[in-house]
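Have a look at the structure below before the remarks.
Residue numbers (our numbering), protein chains in the order written: chain A, 349 to 697; chain B, 349 to 697; chain C, 349 to 697; chain D, 349 to 697.
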């Protein structure tokens, strides 16, 4: 199979670096363009980037010349790690120019005609694309987004509970890694010997995005789920891996063993289709009472599995859980790649 | 005034060190005995202790000889930082021998005749002491306990809300400092680049202790408050200062401004009596939306004030708050000292 | 005594905040102006600053209006925490306008007619000022600088050894706090679970500045000391307090006890004059073999004392030492304040 | 080829866990026994261990029953991660019983007839074994040790310099990961917002072990190298990876480029023999001026390569270098495995 040529927007940022790392040996996609800001354009990628990952820059990419983040780009699909304000301008320009855009940016997540997608959760929301293209006058191009990193971690754990028992209320407190804020991002002075309240819009995202993800597609629009969520968000001195303490109220009675079973057995369309980046099991359910922990569980299935543990009764809602997910893999670059894989498998690409 | 001679049990531990630091220039109490395990007994205090506080060992104490933690001790009042299993044996022995025992240990917190005390919250619970002495056959001795560090931080913030609005439900997620576990305590491998679930009994304590603290004294017993609490507890890489994300359901409608006012205006008996360790304001209510933070707020009023901020609506219960308290000052040694000051002021000592 | 009105340049930065904290109750100086960049000018100080210290903003300063960092300013003395490039323009403008400038910036440290001053080390270098004023045509104004934070920590420990034994060679490896880089400064991603080589000019500063500090004033110029120094510099996940591992070759044989004695006995002109910010003992010499440590020793004498310990033979040079100093107090704001106190005491102000 | 059955002594500790992780798919060795203290004996390995690595326990090992650390053991070769005092008794017992012992313990490193081995550095020291067996009366058994983790990191970087230029003096300052101290090991209170002097024997090890490693085998004994080394050792808040700042005096003049070339070109016998755990290049020489860093460089070649960078002139000795090595892989378990591979390749096993 000839590989699909892909471009990375904001390729020098921390999520851009994850895209490059995860796509290095991808069976379907091949990086043919790396784009960044004007300041980096024209430089060799290895010279333009402040590389922050323990694995080396893939050699082929190291020598590529960075171009600016605007069409045309030598590729068919673009992965966008753009900041939201830039994404707002640039992503539709790419879609209008005929590119498939798989975006990690927040700019268009709330647009009614833009799928907000987790392939294990709401793959049918890709059904928005024909009307998206029609209404926006895009011929071949289209735009798909993945949720915020803290949302993905939460919703991965909620989805099987929604399906099996119904979920009526969620209170979640996050202890988030600093890599989610990019580089330079969170100052060391804010997290050494400290916990930093996360005050820039994270909580509203966590309270709204799951409603769309768990909503239902009715013809050309999504009916939001009816699910009140209360989010308390914080940063802690962790490099990668968001930890989320969750209380849930279920739609019906269940036992801890039933929850554990349902979480453990969870599979979605990516598993059924055998998508390249799909973890065999989307959820790991470690048995030890002191798990999950970000350092120990973030890298499960290459960072694509979410860990759920400490299932115990909640005196207010029904159950308490602890969830850990890798924020820049499953919560960002890996999410957008899995979205693109689903689009490819379903003929949108 | 002649100072009251006091002894410290488990004086070489981290809470023992805080007792010594806080009592160095106390206007009412004077350290006359430092007690520890058999291994340390006979040594000079400065040689027996692995001192971990940035202020130096007070000179007078440095040269004292450590004795074993059992009566008789050259003092009238003992502050106990003993581990729970040892406290179970040793504390009643001191009370029986005529000493007033102000304990930070968990061993007797649940005993019906033992006050579990925060002077700003339930000073009247000292009223249990006469029947305690009578039923246990103690002449002059008695035993008073302070709550767990994470409980104190929570209940300090809840008390004014209980009084003004009623509190019906509480969900709390803690991000706790490692000093609470003593030394050596939490291994560095558990908190570097990590969050550690707190699995050894912290959650049940946080869910039960507030019921006694907020309960009412009826003659010779406490009627527990009717207040379901759900606690999620974790350790993070913070030296001192517990951070607690709280959702509360109130008994009646209120505005954020009303909450802020009530928290800000909160005063208790220690403030009225002008007890030496009482902070002028038990609660600080920082206005900045990114406060409180443990590094910035733990030391308010020498660690005796609790900080409450980020007051915002909760979509499930009524309000979200963020609370920070110093776990080894207001949450341990300072708590026991304030308890003793109240006892002194009220004639129990 | 009427207090001398002082202004702070770059008052919103982390060193600016230390100036404000340290000057809050100063017996000689009173803050009458806070200056910062154009962006902050016109705002209330408390609104303009991202305050990062555990003690609150002194009330008087909180309500002051920030002005721009250029003359005229309502004061007689300015403390400068400006970045080097800005300092290069602004500091001489203040001196020319008649202000005494006590600067923490590196811009003019190497100028032959500008004292690079540590009052315990080379107070006589103030003797450069008359010729400075003359040659630069400054009437009343003048400019004095303090060294880099890592240099001060090193030279405080070296000075008594220089005086007592002579010092011929120094190899120093630093493990520096991140507060020295200001805010936002060092990204958390660079120091969580990591050590960051310090590559932006720190090593040359540490290798050159001590030569001027330990040099001798000959009429109107400083003859640099003949002292080869080799510096290896790094950042670690520490908030405040630089730790420096030092090997020294002395001019003559000595015993560990002699070194310890000489360090312990060290006093300088600030101690003799009783300057307000002078620590009673400039050096603390903790006896424990695992001291100094930044968390335990940085705050000695309010951050103005430097700790020296672990004195042991070096198989290559003569002795190994471990030194800890507070980088934003003794290493920055406190240094500039002590310099100004010396100037006042000696009639330059 | 039939695999050689191997046992792990102290299999539940952090180095024991690394042995199990690294041997999971080893082409020559197969774990057939896991041994630990009496307390763990009889338990399933997965139940006995507090597993601390991000990769899961290999399934086959998880279900093995832990036995006590004494012969007989169902294997031919034992890897020892025993603490030194236990190793002193147990390791000779295994050797006497006919087992080949590859030890990470320090107990026998200084014995004249026991090879202290780094296969790239002094493979010929295995020549001590015949006389070892003869003098100790061991038939088939023998004992080989690897150096301390901080020593290995240093000597890997020194060896090519020794060969190419001669090395006459070394001053090294370490910033060591806490995993080297095992679990629970270094308390979090000692490294949060702190640097901890390493006071328990690390410095003497670093100053002596290289002399044996770089010494020459003369018949049946090693003549120690004549190389004064001065070590300053510290712990920092890093999980894995020792960082070492090194100044070296060479035997002859060289340029930075020559050093870089010699380090980059370094190969040893393991590379020549193609031993399974040998990294293709023992040394990585990152070009960026801010490298190496432990988080970015410790995992090179699966943790078996050592990174050397920041090659720059030293004003006292000749050159400054920064070295990073993985302390529990190349510095412990991986070291002992590579030693055993060399023994196998050379017919000692």
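Here a beta-carbon is modelled for each residue, glycine too, at the ideal position from N, C-alpha and C.
(message) Give me the chain C residues within the contact set of residue 496(D), using Cβ-Cβ distance strictly less than 9 Å, ordered along the chain.
(response) The premise fails here: residue 496(D) is roughly 17 Å from chain C at the closest Cβ pair, so nothing lies under 9 Å.
(message) Among the candidates 451(C), 492(C), 452(C) and 450(C), whose CA atom is the shortest distance from the CA of residue 462(C)?
(response) The shortest C-alpha to C-alpha distance from residue 462(C) to any of 451(C), 492(C), 452(C) and 450(C) is the one to 492(C).
(message) Quick check on the burial criterion: 16 or more other C-beta atoms within 10 angstroms. Buried or exposed for residue 350(D)?
(response) Burial call: exposed.
(message) Need the endpoints of the beta strand (DSSP E) that residue 520(C) sits in, please.
(response) Unbroken beta strand (DSSP E) run through residue 520(C): 515-523.
(request) Keeping to the same chain, check which residues put their C-beta closer than 6 Å to that of residue 631(A); ignore five residues upstream and five downstream. (result) Excluding residues within five positions, the ones whose Cβ falls inside 6 Å are 611, 614, 654 and 656.
(request) Tell me whether the beta-carbon of residue 458(A) lies closer than 9 Å to the beta-carbon of residue 560(A). (result) Yes, Cβ-Cβ distance for residue 458(A) and residue 560(A) is below 9 Å.
(request) Look up residue 592(C) in the DSSP assignment and give the residues it is bridged to. (result) 522(C) and 671(C), per the DSSP bridge assignment.
(request) Please check the pair residue 565(A) and residue 587(C), which I expect to be a contact at CB under 8 Å, by giving their CB distance rounded to whole angstroms. (result) That pair is no contact at about 50 Å.
(request) Give the secondary structure of residue 581(B) by DSSP, where H, G and I count as helix, E and B as strand, and everything else as coil. (result) Residue state, collapsed to three classes: coil.
(message) Which residues does DSSP list as the beta-bridge partners of residue 353(A)?
(response) Looking at the DSSP output, residue 353(A) shares a beta bridge with 378(A).
(request) Please report the residue range of the alpha helix (DSSP H) in which residue 711(D) lies. (result) Nothing about residue 711(D) can be reported from this structure: the residues present for chain D run from 349 to 697 only.
(request) Enumerate in chain order the residues of its own chain whose CB-to-CB distance from residue 533(B) is below 8 Å, with the five nearest sequence positions on each side excluded. (result) Closer than 8 Å at the Cβ level, and outside the excluded window around residue 533(B), lie 362, 526 and 527.
(request) Could you check the C-alpha separation between residue 658(A) and residue 544(D) for me, to the nearest Å? (result) Roughly 34 Å separates the two Cα atoms.
(request) Specify the secondary structure class of residue 657(D) as computed by DSSP and reduced to three states. (result) DSSP places residue 657(D) within a strand segment (E or B) once states are collapsed to three.
(request) Measuring alpha carbon to alpha carbon, tell me which of 646(A), 647(A) and 515(A) ends up nearest residue 668(A). (result) Closest option to residue 668(A), judged by alpha-carbon separation, among 646(A), 647(A) and 515(A): 515(A).
(request) Report buried or exposed for residue 546(D), applying the criterion of at least 16 other Cβ atoms within 10 angstroms of its Cβ. (result) Residue 546(D) is buried by the Cβ-count criterion.
(request) Tell me whether the beta-carbon of residue 688(B) lies closer than 9 Å to the beta-carbon of residue 476(B). (result) Between residue 688(B) and residue 476(B), the CB-CB gap reaches or exceeds 9 Å.
(message) Looking only at its chain, what residues have a beta carbon closer than 6 Å to the beta carbon of residue 542(C), apart from the 5 residues adjacent to it on each side?
(response) Within its own chain, no residue has a Cβ closer than 6 Å to the Cβ of residue 542(C) once the five positions on either side in sequence are excluded.
(message) Between residue 679(A) and chain C, is any beta-carbon pair separated by less than 9 Å?
(response) Between residue 679(A) and chain C, the shortest Cβ-Cβ separation is not below 9 Å.
(request) Assign residue 511(D) to one of two classes, buried (16 or more other C-beta atoms within 10 Å of its C-beta) or exposed (fewer than that). (result) The residue is exposed, with fewer than 16 neighbouring Cβ atoms inside 10 Å.
(message) Would residue 392(A) and residue 410(A) qualify as a contact pair, given that the criterion is a beta-carbon distance under 9 Å?
(response) In terms of Cβ geometry, residue 392(A) and residue 410(A) form a close pair [threshold 9 Å].
(message) Tell me which residue opens and which closes the alpha helix (DSSP H) that residue 368(D) is part of.
(response) Residues 362-371.
(request) Note down, in chain order, every chain A residue with its Cβ under 9 Å from the Cβ of residue 526(C). (result) Close to residue 526(C), with beta-carbon spacing below 9 Å, are these residues of chain A in chain order: 535, 536, 537 and 540.
(request) Go to residue 434(D), then tell me how far its alpha helix (DSSP H) extends in each direction, as first and last residue. (result) Looking at the DSSP string, the run of the alpha helix (DSSP H) that includes residue 434(D) is 432-444.
(message) Tell me the DSSP secondary structure of residue 503(A) in three-state form.
(response) Looking at residue 503(A) - three-state DSSP - the assignment turns out to be helix.
(message) Between residue 643(D) and chain A, is any beta-carbon pair separated by less than 9 Å?
(response) Chain A places a beta carbon closer than 9 Å to that of residue 643(D), counting this residue as a contact.
(message) For residue 354(C), tell me which candidate among 365(C), 377(C), 367(C) and 364(C) has the shortest Cα-Cα distance.
(response) The option with the nearest alpha carbon to residue 354(C) is 377(C).
(request) Could you tell me whether any Cβ in chain C is nearer than 9 Å to the Cβ of residue 380(B)? (result) By this cut-off, residue 380(B) is not an interface position.
(message) So if DSSP puts residue 407(C) in a beta bridge, which residue, or which two residues, is it bridged to?
(response) DSSP, once it has assigned bridges, lists no residue as partnering residue 407(C).
(message) Under 9 Å, CB to CB, which of the residues in the segment 400-413 of chain C have a partner in chain B?
(response) Under the 9 Å Cβ criterion, the segment 400-413 of chain C contributes 400, 401, 402, 403 and 404.
(request) Starting from the C-beta of residue 554(D), find all residues in its chain whose C-beta is less than 6 Å away, skip the five residues before and the five after it, and write them out in chain order. (result) Closer than 6 Å at the Cβ level, and outside the excluded window around residue 554(D), lie 498, 499 and 579.
(message) residue 524(B) and residue 608(B) - do their beta-carbons sit closer together than 9 Å?
(response) No. Outside cutoff.
(request) Would you mind reading off the limits of the alpha helix (DSSP H) that contains residue 479(D)? (result) 477-484 is the span of the alpha helix (DSSP H), which, as asked, contains residue 479(D).
(request) Use the C-beta contact count for residue 420(A): other C-beta atoms within 10 angstroms, 16 or more gives buried, fewer gives exposed. (result) It counts as exposed.
(message) Strictly by DSSP, which residues pair up with residue 529(C)?
(response) Partner(s): none; residue 529(C) has no beta bridge.
(request) Answer yes or no: do residue 673(C) and residue 646(C) have a C-beta to C-beta separation smaller than 9 Å? (result) Cβ atoms of residue 673(C) and residue 646(C): closer than 9 Å.
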